[in-house]
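In my numbering, the protein residues as written are -13 to 576.
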């Protein structure tokens, strides 16, 4: 609701509201216990982020939840968390008694001095400010360095810190047992050194501060306007206060009071509400103006006031079309709205989205803020899930054994997606598995019933270059020629076309870790011995080095150049020379 009263009128009315009569309104508040938080929990702070997610700093850990409890997580379980806030990137920071926690990075940092207990934290321009029972500290979130503020480098008159708050104008407010500090960069102002500061809240009017005796407002021009609290506003100890979106102030003491400075109206609430108020440690107000009370060992509660309920808009997001394929962008959602005063306007966290429907969506979390003509708002969120991808998993890839009768095969397992798969191999087969295949590369396209596609490529190997290189066929001392292993003339370099041949040797050794071998190099009979010995040794060495690089231990592979000393034929014809020029694998140990 827009505030039409002028600021001057607001302040003047506050100066004299001691003459107003407090109204009993015990029947118009509904109290609901949030049963996921145990009744023995102490809730030190209630922080509600920009997504309307509720974070509780509690004796049971850091609680993350939505107002309806549909999402509920406990982080740092069994660690007593004293406060929680966020930085400008909506990254959550939490604090226990003596350490701070970066929720995103899962890192923690202990306070540099012993005997300290954290009371409050606030983030401002790369610094996490930390209030303790004995002084003020800041923590550089980049360098991870702490800095303490004492009598020598600050103007604080008292070092028991009750609150720290960074406002929208980048001003830091620090409340102590002896006054408050307003810190603007390097400029420190300390006021009311004889007054105990209890709590602070910020709204469009400025910074509101409650003391143990009074309340005042400091506007954006740093002018202070006192608000004279009287017995109708509180009873006993003031525990905390909070301000809703319409500027109504809720004060928790031994009684629960709501004060509307714009309507000059004070309301005291029921005995039950007062009981919670008396036990309160924290107050929070969500984007729908529900008031949340965190108590000292009595759990967590929502208070819904009758007039707020009448004003409230109810909004829920429905899925019109779920995303069909993994990483797809065909999701669509629609917000359903009731209550409030029409017409509604809609603000999505989606670029270009307007109205009640958002389309063309990928997986993710989506939020819409619905506003009625009286400026009442409701926030709704939804998570669009990313469907499971269609996954092609290789079970076995079986090489060709007979080139005359192609018998290569690829056996696959398919999972994920929406099921009811169809198959399309690059050779035209429409079966799940490839059979009767010649050597070569094959691709497989699999679609589920939604048309979601997954593709995989497989290489079916040709028949073996060394057919007898199998553990059940070889014996110690046996020599096996590496067929088709060709070197350029007068060269020992291994070319790309030789990799598949040598891979057979590697696979044999990898599958049989007790086997040791010798790689022997041989030349034809024409060049002189010295040349042939060197060339054959270099070629054998290159083959051994290929195996070493693939991971075979050097102790399992030796190499030797035999030159032209062990020819297979005395022929010097081209055919004879080619037969003698060879590399062999000799089995030394099985």
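Cβ coordinates follow ideal geometry from the N, Cα and C atoms, glycine included.
Asked: Going by DSSP, which residues form a beta bridge with residue 387?; Found: Bridge partners of residue 387: none, in fact.
Asked: Find the nearest neighbour of residue 512 within the set 562, 538, 131 and 375, judged by alpha-carbon distance.; Found: 562
Asked: If you scan the region 106 to 134 from start to end, which runs of the beta strand (DSSP E) of 3 or more residues do you find wholly inside it?; Found: 113 to 118 and 121 to 126
Asked: Which two residues bound the contiguous beta strand (DSSP E) that contains residue 49?; Found: 47 to 51
Asked: Would you give the residue range spanned by the beta strand (DSSP E) that residue 579 belongs to?; Found: This structure cannot settle anything about residue 579, because the visible part of the chain is limited to -13 through 576.
Asked: Measuring CA to CA, which of 133, 64, 168 and 277 is closest to residue 20?; Found: 277
Asked: Going by DSSP, what residues sit across from residue 369 in a beta bridge?; Found: 351
Asked: In chain order, what residues of the same chain lie with their CB nearer than 8 angstroms to the CB of residue 457, ignoring the 5 residues before and after it?; Found: 494, 497, 498, 501 and 576
Asked: Hey, would you say residue 357 sits closer than 9 angstroms to residue 330, going by beta carbons?; Found: yes
Asked: With distances taken between CB atoms, is the gap from residue 106 to residue 31 smaller than 9 angstroms?; Found: yes
Asked: With distances taken from CA atoms, which of 95, 508 and 76 is nearest residue 85?; Found: 95
Asked: Residue range of the alpha helix (DSSP H) that residue 72 falls in?; Found: First-last for residue 72: 69 to 72, but that is the beta strand (DSSP E), not the alpha helix (DSSP H).
Asked: Return the Cβ separation of residue 316 and residue 307 in integer angstroms, given the expectation that the two are a contact with Cβ distance under 8 angstroms.; Found: 6 angstroms
Asked: Are the region 414 to 421 and the region 479 to 488 touching by the rule of at least three beta carbon pairs closer than 8 angstroms?; Found: no
Asked: Would you say residue 365 and residue 38 are within 9 angstroms of each other, going by their C-beta atoms?; Found: yes
Asked: May I ask you to report which of helix, strand or coil DSSP gives residue 91?; Found: coil
Asked: Using the rule of at least 16 other Cβ atoms within 10 Å of the residue's Cβ for burial, across every protein chain shown, is residue 63 buried or exposed?; Found: exposed
Asked: Considering only the beta carbon of each residue, do residue 164 and residue 141 sit closer than 9 angstroms?; Found: no
Asked: Anyone know if the C-beta pair for residue 270 and residue 298 falls short of 9 angstroms?; Found: no
Asked: Would you kindly report the start and end of the unbroken beta strand (DSSP E) that includes residue 211?; Found: 210 to 213
Asked: If we call anything under 9 angstroms between Cβ atoms a contact, is residue 156 one with residue 110?; Found: yes
Asked: Where does residue 619 land, buried or exposed, given buried means 16+ other C-beta within 10 angstroms?; Found: Lying outside -13 to 576, the shown extent of the chain, residue 619 is not represented and no answer is given.
Asked: Report the rounded CA-to-CA distance for residue 266 versus residue 260, giving the unit in angstroms.; Found: 10 angstroms
Asked: Can you look up residue 282 in the DSSP assignment and give me helix, strand or coil?; Found: strand
Asked: What residues match up with residue 394 in a beta bridge as DSSP calls it?; Found: 423
Asked: Quick one: measure Cβ to Cβ for residue 402 and residue 375, integer angstroms, because I've assumed they're closer than 8 angstroms.; Found: 5 angstroms
Asked: Taking residue 468 as the reference, give the member of 529, 443, 434 and 420 with the closest Cα.; Found: 529
Asked: For residue 332, write down the residues that DSSP places opposite it in a beta bridge.; Found: 356
Asked: Look up residue 526 in the DSSP assignment and say whether it is helix, strand or coil.; Found: helix
Asked: Three or more C-beta pairs closer than 8 angstroms, one from the region 522 to 537 and one from the region 424 to 438: is that the case here?; Found: no
Asked: By DSSP's criteria, residue 183 is part of a beta bridge. Which residues make up the other side?; Found: 197
Asked: Using DSSP bridges, identify the partner residues of residue 480.; Found: According to DSSP, residue 480 bridges with nothing at all.
Asked: Does DSSP put residue 546 in a helix, in a strand, or in coil?; Found: strand
Asked: Between residue 392 and the rest of its own chain, which residues show a CB-CB distance below 7 angstroms, the 5 nearest in sequence each way excluded?; Found: 386, 422, 423 and 424
Asked: Since residue 228 is in the alpha helix (DSSP H), which residue starts that stretch and which ends it?; Found: Unbroken run through residue 228 is the beta strand (DSSP E), 226 to 229; no alpha helix (DSSP H).
Asked: Please say whether residue 243 and residue 268 have beta carbons closer to each other than 9 angstroms?; Found: no
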